[in-house]
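2 protein chains.
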Amino acid sequence: MSTVREEKKKTTKKAILQAAIRLFGKNGYKNTTIEQLAKEAGIGKGTVYGYFNTKSEILYAFCEDEMEYIHQQLAGKSNQDDPILEQVLTFFMAEFHYITKNPGFGRLFMQEMIFPKPNFQQGQQDKAVQNYLAMIIPIITRAQERGELRAELDPLDICGHFYALYLILVHSCYAKMTPYDQAETTLRRLFTQVIEGLQTHQTSRSKV
Amino acid sequence: MSTVREEKKKTTKKAILQAAIRLFGKNGYKNTTIEQLAKEAGIGKGTVYGYFNTKSEILYAFCEDEMEYIHQQLAGKSNQDDPILEQVLTFFMAEFHYITKNPGFGRLFMQEMIFPKPNFQQGQQDKAVQNYLAMIIPIITRAQERGELRAELDPLDICGHFYALYLILVHSCYAKMTPYDQAETTLRRLFTQVIEGLQTHQTSRSKV
DNA sequence: AAGAAAAAATGACCGCGGTCGAAATTTCTC
DNA sequence: GAGAAATTTCGACCGCGGTCATTTTTTCTT
Numbered sequence: 003m004s005t006v007r008e009e010k011k012k013t014t015k016k017a018i019l020q021a022a023i024r025l026f027g028k029n030g031y032k033n034t035t036i037e038q039l040a041k042e043a044g045i046g047k048g049t050v051y052g053y054f055n056t057k058s059e060i061l062y063a064f065c066e067d068e069m070e071y072i073h074q075q076l077a078g079k080s081n082q083d084d085p086i087l088e089q090v091l092t093f094f095m096a097e098f099h100y101i102t103k104n105p106g107f108g109r110l111f112m113q114e115m116i117f118p119k120p121n122f123q124q125g126q127q128d129k130a131v132q133n134y135l136a137m138i139i140p141i142i143t144r145a146q147e148r149g150e151l152r153a154e155l156d157p158l159d160i161c162g163h164f165y166a167l168y169l170i171l172v173h174s175c176y177a178k179m180t181p182y183d184q185a186e187t188t189l190r191r192l193f194t195q196v197i198e199g200l201q202t203h204q205t206s207r208s209k210v
Numbered sequence: 003m004s005t006v007r008e009e010k011k012k013t014t015k016k017a018i019l020q021a022a023i024r025l026f027g028k029n030g031y032k033n034t035t036i037e038q039l040a041k042e043a044g045i046g047k048g049t050v051y052g053y054f055n056t057k058s059e060i061l062y063a064f065c066e067d068e069m070e071y072i073h074q075q076l077a078g079k080s081n082q083d084d085p086i087l088e089q090v091l092t093f094f095m096a097e098f099h100y101i102t103k104n105p106g107f108g109r110l111f112m113q114e115m116i117f118p119k120p121n122f123q124q125g126q127q128d129k130a131v132q133n134y135l136a137m138i139i140p141i142i143t144r145a146q147e148r149g150e151l152r153a154e155l156d157p158l159d160i161c162g163h164f165y166a167l168y169l170i171l172v173h174s175c176y177a178k179m180t181p182y183d184q185a186e187t188t189l190r191r192l193f194t195q196v197i198e199g200l201q202t203h204q205t206s207r208s209k210v
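Heads up: the protein sequence lines correspond to chains A and B, in order.
The first sequence runs 3 to 210 under the numbering used here.
The second sequence runs 3 to 210 under the numbering used here.
In structure tokens:
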């Protein structure tokens, strides 16, 4: 039983996230204080910490919601039988555009996402990863069935390869080594390379 | 002229870094305050900010020194004509072990390194990257000359592929998806895959 | 329904990263 | 070498993230 308490908890958590969406969106992450957040959510400052352990955890939850939205938007669009290259490119470029739209924001998100604090909400983290994989793994296995990708490889590994290159792209943009308008070109080149392989071999190359 | 002032500046900067080495090393990054650092360096708190813009910038400079040391140690050891796989594996695993020795530490370093603040000391950042590339690029070009890697690819791209996978490894360890004792196995597998390529093809594979 | 126990909310408080204007030091000018 | 100008040092101060003892609310017990 004791459903009253649980209801309230859910409501409060939602209220905090709603406040985050409004305030982070309007003033940015840095310029929003926990106290403002609490006020906007109609609770006391200390109460916030009953729902999130750190400020960045709130950001994380916030971004996760946004991400899910991005993914949902994308779900319909991609053509299931496009070459694997085009499909993963579309997927990661959508994310790239979102992440880099507000750079300071994206930076913090990536920092928390890629190198999370050890005591991070285990559930949260996993949920995000699951969401991710649910989108990308089917694309990969389908390509394997089609004979486009090596069937003996673990789809998770393949996913890792693409994700790794996506990370490098974001990194090199943040480090100003790649201008934003060349992001897609660069990612396409790297994806092509990983698909074809780095080693020399005799099979005919598609081009160049 | 005005050499007195410049001398002093250099001395002070060194003093701060020395203090950082001692205090970060002994008490960790989080438990060391700027005030302690300043006291240890024999200067006032505010003065520190004449040399570094943020605390994490000090960490970065500190780690850079450590990194250089690691790389120097490594420089002699690797056999120039080992297969490319073995050479890059040795290189990145050395770094991996250093980074993960003190997890909280390594996390912050990676966060700053991979997703730097936009106003970051441009010189510092570049210097670190240069250092990096100076180590790894020769290994790659040699492998290209030997005919082990495709010569038409930009060595920087190839470097990016390996680095990307290294990043993913660190990530998946921090996210507790890969146990530390399987790190090397995992990295070897991923490196092998990127070298061979993800696509299906007819050339004989080395194994499996 | 009353009182005990458990859980959650609260805001005063703390510690530290970073700022700033005043003071000290160095350099420049004549 | 005296005084002006420029640069550097400094620590009191500010703001915010996060903690904690206390109070309030909810649930359990009989």
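Even for Gly, the Cβ is constructed at its ideal location relative to N, Cα and C.
So residue 54 (chain B) and residue 26 (chain B) are supposed to be a Cβ contact under 8 Å. How far apart are they, rounded? For this step, residue 54 (chain B) is matched to residue 52 along the second sequence. For this step, residue 26 (chain B) is matched to residue 24 along the second sequence. Contact between residue 54 (chain B) and residue 26 (chain B) does not hold, since their C-beta atoms are separated by about 13 Å, which reaches or exceeds 8 Å.
Which word fits residue 99 (chain B), buried or exposed, when buried means at least 16 other C-beta atoms lie within 10 angstroms of its C-beta? Residue mapping note: residue 99 (chain B) aligns to position 97 of the second sequence, counting from 1. By the 10 Å Cβ count, residue 99 (chain B) comes out exposed.
Beta-carbon proximity list for residue 77 (chain B), same chain, < 8 Å, skipping 5 on both sides: Against the second sequence, residue 77 (chain B) aligns to sequence position 75. Listed in chain order, the non-local C-beta contacts of residue 77 (chain B) below 8 Å within the same chain comprise 137, local neighbours out to five positions each way being set aside.
Would you call the stretch 192-202 of chain A and the stretch 136-155 of chain B touching, i.e. three or more CB-CB distances under 8 Å? The way I'd put it, the stretch 192-202 of chain A does touch the stretch 136-155 of chain B; three or more beta-carbon pairs between them come closer than 8 Å.
Output the distance between the C-alpha atoms of residue 49 (chain B) and residue 16 (chain B), rounded to the nearest integer angstrom. Numbered from 1 along the second sequence, position 47 holds the residue referred to as residue 49 (chain B). Numbered from 1 along the second sequence, position 14 holds the residue referred to as residue 16 (chain B). Distance from the CA of residue 49 (chain B) to the CA of residue 16 (chain B), rounded to the nearest whole angstrom, comes to 13 Å.
Between residue 82 (chain A) and residue 144 (chain A), which are expected to be in contact by the criterion C-beta below 8 Å, what is the C-beta distance as a whole number of angstroms? As a position in the first sequence, residue 82 (chain A) is number 80, starting the count at 1. As a position in the first sequence, residue 144 (chain A) is number 142, starting the count at 1. So it is a contact: roughly 7 Å between Cβ atoms.
Could you compute how far the alpha carbon of residue 13 (chain A) sits from the alpha carbon of residue 43 (chain A)? Position 11 of the first sequence, counted from the first residue, corresponds to residue 13 (chain A). Position 41 of the first sequence, counted from the first residue, corresponds to residue 43 (chain A). Distance from the CA of residue 13 (chain A) to the CA of residue 43 (chain A), rounded to the nearest whole angstrom, comes to 10 Å.
Residues bridged to residue 201 (chain B) [DSSP beta-bridge criterion]: Numbered from its first residue, the second sequence carries residue 201 (chain B) at position 199. The partner list for residue 201 (chain B) (beta bridge, DSSP) reads A:151.
What would DSSP say about residue 38 (chain B), mapped onto helix, strand or coil? Walking along the second sequence from the start, residue 38 (chain B) turns up at place 36. Helix at residue 38 (chain B).
Interface partners of residue 30 (chain A) on chain B, CB under 7 Å: The sequence position of residue 30 (chain A) within the first sequence is 28, counting from 1. For the C-beta of residue 30 (chain A), not a single chain B residue is nearer than 7 Å; the gap to the nearest is close to 14 Å.
Can you give me the C-alpha to C-alpha distance between residue 89 (chain B) and residue 140 (chain B), rounded to a whole angstrom? On the second sequence, position 87 is the one that residue 89 (chain B) refers to. On the second sequence, position 138 is the one that residue 140 (chain B) refers to. Taking the straight line from one Cα to the other gives about 11 Å.
Can you find a C-beta in chain B that's less than 9 Å from the C-beta of residue 159 (chain A)? Translated into the one-based positions of the first sequence, residue 159 (chain A) becomes position 157. It does; some Cβ of chain B falls within 9 Å.
Short CB-CB distance (under 9 Å) between residue 169 (chain A) and chain B: Reading the first sequence from its first residue, position 167 is the one you call residue 169 (chain A). For residue 169 (chain A), the closest Cβ of chain B is nearer than 9 Å.
Chain-ordered neighbours of residue 202 (chain A) on chain B, where CB pairs are closer than 8 Å: By 1-based counting over the first sequence, the position of residue 202 (chain A) is 200. Below the 8 Å Cβ cutoff, chain B contributes 149, 150, 151, 152 and 153 as neighbours of residue 202 (chain A), in chain order.
Taking 9 Å as the CB-CB limit, is residue 192 (chain B) close to chain A? Here residue 192 (chain B) refers to the residue found at position 190 of the second sequence. Chain A has a Cβ within less than 9 Å of the Cβ of residue 192 (chain B).
Below 6 Å CB to CB, which residues in the same chain sit around residue 168 (chain A) once its five sequence neighbours on both sides are set aside? Counting from one through the first sequence, the residue named residue 168 (chain A) turns up at place 166. Excluding positions up to five away in sequence, the list reads 94.
Quick one: using the 10 Å Cβ neighbour count with 16 as the cut-off for buried, is residue 181 (chain A) buried or exposed? Position 179 of the first sequence, counting from 1, holds the residue named residue 181 (chain A). The residue is exposed, with fewer than 16 neighbouring Cβ atoms inside 10 Å.
Are the beta-carbon atoms belonging to residue 117 (chain B) and residue 109 (chain A) less than 9 Å from one another? Along the second sequence, one-based indexing puts residue 117 (chain B) at 115. Along the first sequence, one-based indexing puts residue 109 (chain A) at 107. A contact, by the Cβ cut-off of 9 Å.
Can you list the residues of chain B that residue 112 (chain A) reaches, using a CB-CB cut of under 7 Å? In the first sequence, the residue the question calls residue 112 (chain A) occupies position 110. Within chain B, the residues placing a beta-carbon under 7 Å from that of residue 112 (chain A) are 117, ordered along the chain.
Which residues in chain B have a C-beta closer than 9 Å to the C-beta of residue 21 (chain A)? List them in chain order. As a first step, residue 21 (chain A) must be located in the first sequence, where it is residue number 19. Neighbours of residue 21 (chain A) in chain B, taken as residues whose beta carbon is under 9 Å from its own, are absent, since the nearest beta carbon is some 26 Å off.
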